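In the working numbering, the protein residues as written are 22 to 369. Report on the following structure.
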């Protein structure tokens, strides 16, 4: 994808300093919003926004806020969003997004994270959820456009997932739950991402390692050096790192050696070959390797009890799959936890 196409969505970063009441924009060259480049007082900024935007911005940056998600418009009608989180009471950071769908008038389009349960093979109970991006209110063509222009959406996914996890952990007996969020190669280019993750975890009262970031080697192939730098920065901020889709594409042991990962997830295609002698040998060896590196191993795409038992015998720690539980909205997960605790809704 070319740079101009990427700029249709992710346009740069912003920083809010509450003590000085200054909002600074660091925008990409060629951005539709380059007139906002630099540091602004709120009074000055309000003069270049439409009449409805100042109150939204005041509310979004008010003291005591955790997440920031402000839909604004320039005086000429150009829509944009500030998405981010407070690192502490005095400073918030985030990304500047111009959503091409909104620009085209599809204002009813919503990004709705849904959450698929992750099951412990030891206890057969839910230990966490993987956050998956889903669009609502869009046609098939519009969904395709959303996927092609998804820069900056990681910010929304992180904030909404952390908010949901905070609510789940408040349910009795669910205080150890975690959430895992996928990042794309483009997400790894956003230098404010570690601060955003740290701010969201702190703002929603989430402990160290309760939020996991899933990375694929395919995402890192855009620039493996920068990807590793970003991965290490995320880990330093308290996030867990999971190497996703291992066993597919270009998966290599050099990436496994370099990445300070806490776990790996085995691609569903390899899990689907359970029962074949060579596949079984590979899966058994991978489980042993992970444990020798003090890492956890998760199987995706589990479809029946026989696979569940076989993976447990190989030493796998966790499993996922539609048979075990389909993705649910954050509110549906909360209702399930309140009614059934951590018992999976699927076959087991």
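Note that CB positions come from ideal geometry on N, CA and C, so glycine has one too. Model, not experiment: these values are computed from the prediction.
For residue i, the three-state DSSP class (helix, strand or coil)
{"i": "residue 35", "result": "strand"}
{"i": "residue 220", "result": "helix"}
{"i": "residue 298", "result": "helix"}
{"i": "residue 394", "result": "What the structure shows of the chain is the stretch from 22 to 369, and residue 394 is not part of that stretch, so it cannot be assessed."}
{"i": "residue 183", "result": "helix"}
{"i": "residue 62", "result": "strand"}
{"i": "residue 333", "result": "helix"}
{"i": "residue 324", "result": "coil"}
{"i": "residue 69", "result": "coil"}
{"i": "residue 361", "result": "helix"}
{"i": "residue 56", "result": "helix"}
{"i": "residue 152", "result": "strand"}
{"i": "residue 177", "result": "helix"}
{"i": "residue 100", "result": "strand"}
{"i": "residue 352", "result": "helix"}
{"i": "residue 10", "result": "What is shown of the chain runs 22 to 369, which leaves residue 10 out entirely."}
{"i": "residue 225", "result": "coil"}
{"i": "residue 286", "result": "strand"}
{"i": "residue 319", "result": "strand"}
{"i": "residue 80", "result": "helix"}
{"i": "residue 250", "result": "helix"}
{"i": "residue 109", "result": "strand"}
{"i": "residue 261", "result": "strand"}
{"i": "residue 75", "result": "helix"}
CB of residue i within 8 angstroms of CB of residue j, strictly
{"i": "residue 235", "j": "residue 265", "result": "yes"}
{"i": "residue 281", "j": "residue 140", "result": "no"}
{"i": "residue 185", "j": "residue 351", "result": "yes"}
{"i": "residue 291", "j": "residue 335", "result": "no"}
{"i": "residue 317", "j": "residue 339", "result": "yes"}
{"i": "residue 89", "j": "residue 82", "result": "yes"}
{"i": "residue 363", "j": "residue 43", "result": "no"}
{"i": "residue 218", "j": "residue 179", "result": "yes"}
{"i": "residue 93", "j": "residue 63", "result": "no"}
{"i": "residue 99", "j": "residue 53", "result": "yes"}
{"i": "residue 39", "j": "residue 224", "result": "no"}
{"i": "residue 227", "j": "residue 148", "result": "no"}
Exposure label - residue i; buried when at least 16 CB within 10 Å
{"i": "residue 286", "result": "buried"}
{"i": "residue 312", "result": "exposed"}
{"i": "residue 360", "result": "exposed"}
{"i": "residue 347", "result": "exposed"}
{"i": "residue 190", "result": "buried"}
{"i": "residue 177", "result": "buried"}
{"i": "residue 68", "result": "exposed"}
{"i": "residue 143", "result": "exposed"}
{"i": "residue 72", "result": "exposed"}
{"i": "residue 32", "result": "buried"}
{"i": "residue 111", "result": "exposed"}
{"i": "residue 342", "result": "buried"}
{"i": "residue 229", "result": "exposed"}
{"i": "residue 306", "result": "exposed"}
{"i": "residue 50", "result": "exposed"}
C-alpha gap between residue i and residue j, whole angstroms
{"i": "residue 109", "j": "residue 41", "result": "14 angstroms"}
{"i": "residue 259", "j": "residue 231", "result": "8 angstroms"}
{"i": "residue 320", "j": "residue 358", "result": "23 angstroms"}
{"i": "residue 233", "j": "residue 267", "result": "16 angstroms"}
{"i": "residue 300", "j": "residue 353", "result": "36 angstroms"}
{"i": "residue 328", "j": "residue 104", "result": "41 angstroms"}
{"i": "residue 37", "j": "residue 246", "result": "30 angstroms"}
{"i": "residue 135", "j": "residue 256", "result": "24 angstroms"}
{"i": "residue 87", "j": "residue 215", "result": "16 angstroms"}
{"i": "residue 195", "j": "residue 355", "result": "10 angstroms"}
{"i": "residue 274", "j": "residue 115", "result": "34 angstroms"}
{"i": "residue 168", "j": "residue 59", "result": "At residue 168, the pLDDT of 48 sits below 50, so the modelled position is not reliable; the number obtained from the coordinates is stated separately. Going from the Cα of residue 168 to the Cα of residue 59 covers about 30 angstroms."}
{"i": "residue 30", "j": "residue 45", "result": "19 angstroms"}
{"i": "residue 34", "j": "residue 297", "result": "49 angstroms"}
{"i": "residue 187", "j": "residue 152", "result": "14 angstroms"}
{"i": "residue 261", "j": "residue 203", "result": "12 angstroms"}
{"i": "residue 308", "j": "residue 205", "result": "26 angstroms"}
{"i": "residue 182", "j": "residue 133", "result": "10 angstroms"}
{"i": "residue 254", "j": "residue 277", "result": "17 angstroms"}
{"i": "residue 175", "j": "residue 154", "result": "9 angstroms"}
{"i": "residue 119", "j": "residue 101", "result": "5 angstroms"}
{"i": "residue 315", "j": "residue 283", "result": "7 angstroms"}
{"i": "residue 165", "j": "residue 332", "result": "Legend: pLDDT at residue 165 = 48, less than 50; position of this residue unreliable, no value from coordinates given."}
{"i": "residue 221", "j": "residue 113", "result": "10 angstroms"}
{"i": "residue 279", "j": "residue 79", "result": "44 angstroms"}
{"i": "residue 210", "j": "residue 248", "result": "8 angstroms"}
{"i": "residue 65", "j": "residue 201", "result": "40 angstroms"}
{"i": "residue 150", "j": "residue 349", "result": "10 angstroms"}
{"i": "residue 137", "j": "residue 326", "result": "18 angstroms"}
{"i": "residue 345", "j": "residue 289", "result": "14 angstroms"}
{"i": "residue 330", "j": "residue 251", "result": "37 angstroms"}
Interface flag, residue i vs chain B, CB-CB below 8 angstroms
{"i": "residue 230", "result": "Among the chains in the structure shown there is no chain B, since it carries only a single protein chain."}
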